[in-house]
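Novice: I have a structure I would like to understand better, so I am pasting it below and will then ask my questions one at a time.
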Amino acid sequence: MKLILNNSFFSYNEKIVRDFFDFMALSLCENQSVLNPGDYVIVVSTDSQRKIHFETCVIKEIFRHQTRPLLERIGTIRPVIINKGKIKIQGYDPHSFRQDKRKAVFDLNNSMDPRRVIYVIDPELEPSLYEKVDQSFRGTVPRSAA
Numbered sequence: 266m267k268l269i270l271n272n273s274f275f276s277y278n279e280k281i282v283r284d285f286f287d288f289m290a291l292s293l294c295e296n297q298s299v300l301n302p303g304d305y306v307i308v309v310s311t312d313s314q315r316k317i318h319f320e321t322c323v324i325k326e327i328f329r330h331q332t333r334p335l336l337e338r339i340g341t342i343r344p345v346i347i348n349k350g351k352i353k354i355q356g357y358d359p360h361s362f363r364q365d366k367r368k369a370v371f372d373l374n375n376s377m378d379p380r381r382v383i384y385v386i387d388p389e390l391e392p393s394l395y396e397k398v399d400q401s402f403r404g405t406v407p408r409s410a411a
């Protein structure tokens with residue numbers, strides 16, 4: 266399920282991903298949520314100049330739609346985009362990660378928020394990226410909260 270989400274940016278729109286994860290993913294994963302509080306994700310948003318921003322976040326809370334959680338921003342990161350007949354994100358460069366000290370909180374459940382979850386940072390799929398984001402997050406959060 267995580268691989269489907271991680272390859273969804275250029276393939277599927279937000280509604281298709283949300284419906285798939287809210288209806289199909291639960292039945293395929295024995296009614297267990299794919300995304301959970303404490304997971305690290307990458308969200309994408311577009312600003313008024315049509316520039317695309319990729320932000321790393323930690324999930325704080327999940328409501329009705331698991332692809333529309335309450336998030337806290339950790340930093341920004343750049344994707345590695347390839348084009349071999351089809352444009353896709355090959356991964357993310359851990360060296361491009363920039364920590365954001367502001368710790369902004371986003372409620373994606375709010376229909377007006379333009380951000381959408383496009384990638385789950387999994388320790389088994391991308392250990393170096395997970396380690397970089399985890400160290401950054403745990404370095405700025407008190408141990409009692411992490």
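For the sequence shown, the numbering used here begins at 266 and goes up steadily by one. We put the beta carbon where it would ideally sit given N, CA and C, even for glycine.
(1) Closest to D358 by C-alpha separation, out of N375, V398, P379, would be which residue?
(2) Are the beta-carbon atoms of V308 and V370 separated by less than 7 Å?
(3) State the Cα-Cα distance for the pair C294 and S313, rounded to the nearest angstrom.
(4) Can you name the residues that DSSP bridges to S310?
(5) For D387, which of Y277, L291, D304, D284 has the nearest alpha-carbon?
(6) Spell out the partners DSSP gives N348 in its beta bridges.
Specialist: The answer reads as follows:
(1) As a first step, residue 358 is located in the sequence shown; it is residue number 93 there, counting from the start. Considering only alpha carbons, the answer is V398.
(2) Counted from its first residue, the sequence shown places residue 308 at position 43. Counted from its first residue, the sequence shown places residue 370 at position 105. Cβ atoms of V308 and V370: not closer than 7 Å.
(3) To locate residue 294, count along the sequence shown from 1; it is residue 29. To locate residue 313, count along the sequence shown from 1; it is residue 48. Between C294 and S313, the C-alpha separation is close to 38 Å.
(4) The sequence position of residue 310 within the sequence shown is 45, counting from 1. Answer by DSSP bridge pairing, in chain order: H318.
(5) Along the sequence shown, read from residue 1 onward, the residue named residue 387 stands at position 122. Of Y277, L291, D304, D284, the residue nearest in Cα terms is D304.
(6) Taking the first residue of the sequence shown as position 1, residue 348 is located at position 83. Per DSSP, I352.
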